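S.K.:
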Amino acid sequence: MTETLLRALAAGTAVAAYAAMCAAIYARERRAGQAAANDAAALAGDDGEPSTLVLFATQTGQAEAIAWQTARRLRASGTPVRVMALDALDAATLGRADQAFFVASTYGEGDAPDGAGLFAEKIMAEPLALPSLRYAVLALGDRQYANFCGFGRALDAWLQASGAMPAFARVEADNGDPEALAAWHAQWKGSESKGEDLEDETDGEEAPVGDFAPWRLVRRELLNAGSIGAPVFLLGLAPQAGGMPSWASGDLVQMAVASDPGRPRDYSIASLDTDGELQLLVRREQHPDGTFGAASGLLTSTLGLGDTVTLRLRPHRGFRLDGNETRPLILIGNGTGLAGLRAHLRARLAADRHENWLVFGERNAAHDFLCREEIEAWHRTGALQALDVVFSRDQDERLYVQHRLLQRADAVHAWLAGGAAVYVCGSLQGMASGVEAALRQIAGEAFWTELRASGRYRRDVY
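Just so we're aligned, residue 84 is where the sequence shown starts under our numbering, counting upward by one.
#1: May I ask you to list the residues that DSSP assigns as paired with T135?
#2: Nearest by alpha-carbon distance to C232: which of P214, D260 and A494 is it?
#3: Under 8 Å by Cβ, that's how I've got L453 and R431 pegged, so tell me the actual separation to the nearest angstrom.
#4: Using only the alpha-carbon positions, how far apart do G538 and Y506 sit?
#5: What's the call for G200, buried or exposed, on a 16-neighbour Cβ count within 10 Å?
#6: Less than 6 Å between C-beta atoms, sequence neighbours within five positions excluded: which residues of the same chain meet that for W461?
#7: Under 6 Å Cβ to Cβ from A492, same chain only, skipping five residues before and after it: list those, please.
#8: Hey, how far is the Cα of V340 from the Cα of A377?
#9: Quick check for students: name the residue ranges of the alpha helix (DSSP H) that lie wholly in the stretch 451–477, counting only runs of 4 or more.
#10: Going by beta-carbon coordinates alone, are H450 and G309 separated by less than 8 Å?
#11: Which whole-angstrom value describes the C-beta separation of G517 and Y483, a residue pair presumed to lie in contact below a C-beta threshold of 8 Å?
#12: Verify whether the separation of the beta carbon atoms of L136 and R156 is less than 8 Å.
#13: Can you give me the Cβ contacts of E445 inside the same chain, cut-off strictly under 7 Å, excluding the 5 residues immediately before and after it?
#14: Would you grab the beta carbon distance between Y190 and Q142 for me? Rounded to a whole angstrom, and I think it's under 8 Å.
#15: Specify the secondary structure class of Q227 as computed by DSSP and reduced to three states.
#16: Can you find the residues in the same chain that come closer than 8 Å, C-beta to C-beta, to H370, ignoring five residues on each side of it along the sequence?
#17: Kindly give me the distance between the Cβ atoms of R367 and S342, rounded to whole angstroms, as I take these residues to be in contact under 8 Å.
#18: Among all the DSSP beta bridges, which residues are the ones paired with W440?
#19: CB-CB under 6 Å to V98, same chain, minus the five flanking residues each way: which ones, in chain order?
#20: Since E262 is in the alpha helix (DSSP H), which residue starts that stretch and which ends it?
#21: For I311, is the classification buried or exposed, using 16 other Cβ atoms within 10 angstroms of its Cβ as the cut-off for buried?
#22: Alpha carbons only, please: which of F185, A240 and E192 is nearest the one belonging to P210?
#23: Label R535 either buried or exposed according to how many other C-beta atoms from any shown protein chain fall within 10 Å of its C-beta, with 16 as the threshold for buried.
#24: By Cβ distance below 6 Å, which residues in the same chain neighbour R429 in space, the five residues on each side in sequence not counted?
#25: Quick one, which of D181, A159 and L177 has its alpha-carbon nearest F202's?
#26: Cutting at 8 Å between CB atoms, please list the residues of its own chain near N447, excluding the five before and the five after it.
#27: On the DSSP letters alone, give me the boundaries of the alpha helix (DSSP H) that Q243 sits inside.
#28: Leaving aside the five residues before and after Y350 along the sequence, list all residues of the same chain whose C-beta is less than 6 Å from its C-beta, in chain order.
#29: Classify Q323 as buried or exposed, calling it buried when 16 or more other Cβ atoms lie within 10 Å of its own Cβ.
#30: Would you give the residue range spanned by the alpha helix (DSSP H) that L499 belongs to?
#31: If you measure from the CB of A237, is any heavy atom of the ligand MG nearer than 7 Å?
#32: How is L320 classed by DSSP in three states: helix, strand or coil?
#33: Output the distance between the C-alpha atoms of W498 and G333, rounded to the nearest integer angstrom.
#34: For the alpha helix (DSSP H) holding V518, just list the boundary residues, first then last.
#35: I'd like to know whether the C-beta atoms of A426 and I352 end up nearer to each other than 8 Å.
#36: Looking only at its chain, what residues have a beta carbon closer than 8 Å to the beta carbon of C508, apart from the 5 residues adjacent to it on each side?
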């Protein structure tokens, strides 16, 4: 058998395996979508449009899961409800409602999550007239950020300015605090009648998959030797027991930290489940006193090869390729944000989709071009159609990925006009806001709004 034939057979096998995986994911997503539609119909009842809304503003899915849980409990107590994302809500629908329950997460330092960005910009720009609306707000946040529950608080203030009446005081939950969630559910009739476990009633795909389980460290490779920045490692992990579970590109993994059990750490997965490893890109955090971050220190230093760490998968529907599989992709990121983009690129290459443009930024080309050989090989073979790398410290003027987008504005606009979707992964501060400002300038406000509303702009930033 010739080498050419062997290569063709290997390529065909890889494509067939990927096609089988895609078919399984499609079937699962179709079942989940039909189940959600059936669930929504059951919650709404048969009496026309419900006068009670349950609304969510989510980034990674926690707020959506709690919203569905809230809706089920309300329906069990006899109240028909309609469940909606905030970005799907218009002023007229809100104005017709008698009561509304808002479950609102906050992104970064007080920002609306991506699932509520349009609502915050368009609807919350000025107060509405909502004198007949009774409402409640569950604000989800993280106290390590200065503007704790910032968007939930802003939403509450806007509702009061619009004349709506709070049914009870805003409930704030730090990292899904069970006591705060119990307080939320205890506010209305029927909240205690079922006695459900909050963890068990979350809505499907966005909840973590299964329980925490041990995974073995099978690989640790330093990627930026000689860098002036903190060391970055490529890590490979495998389940301690059983086969490799399935996940989609764009998904996350949560790591349990013994010293901080209430705050599992999220990491973007840098590989596909067909790669044989769950791979991560992790930068070691070092505190001013010289100690390492609890999670990053364990992964990049303390843990030895063969040792185990406790993980669970967390689907991240808002960053998956769902709906954008056949579109050209512009993938933008910096530092370890390459992880989520790398998984998407691997999925695209396995599907023989080459309309991919990577814009990646780091400090110095000599030391910080993460996964360089792999990326350059993809570009050389045409699997990666366009590649722009930006190294901020290699010239007197600091340049970042947002500057490269503006320099390539005509090409960016052409890709967007051709149907491209944009995925951004990496730093929330600086990079993400700068990229958004550049894209808005390039696209124009009307086109920018269309991109966001159609799911062609997605982020995994932290």
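Cβ coordinates follow ideal geometry from the N, Cα and C atoms, glycine included.
All values reported here derive from a predicted model rather than from experimental measurement.
M.R.: Answer, in terms of the structure:
#1: Q182
#2: D260
#3: Contact doesn't hold; Cβ gap of about 18 Å is too wide.
#4: 10 Å
#5: buried
#6: L467
#7: I525
#8: 7 Å
#9: 455–464
#10: yes
#11: 6 Å
#12: no
#13: N417, G418, D451, F452, L453 and F474
#14: 5 Å
#15: coil
#16: G376
#17: 16 Å between Cβ atoms; not a contact.
#18: I413 and A469
#19: Because the pLDDT at V98 is just 43, under 50, the model does not fix this residue reliably, and the value given afterwards should be weighed accordingly. The answer is none, since no qualifying residue turns up.
#20: P261 to H268
#21: exposed
#22: A240
#23: buried
#24: L355
#25: L177
#26: S310, I311, F474, R476 and D477
#27: G233 to A244
#28: V336 and L363
#29: exposed
#30: A492 to A500
#31: As presented, the structure is devoid of all ligands, the ligand MG included, so that no description of it is given.
#32: strand
#33: 21 Å
#34: S516 to A526
#35: yes
#36: S351, F402, L414, I415, G416, G420, L421, A422, G423, L424, R542, D543 and V544
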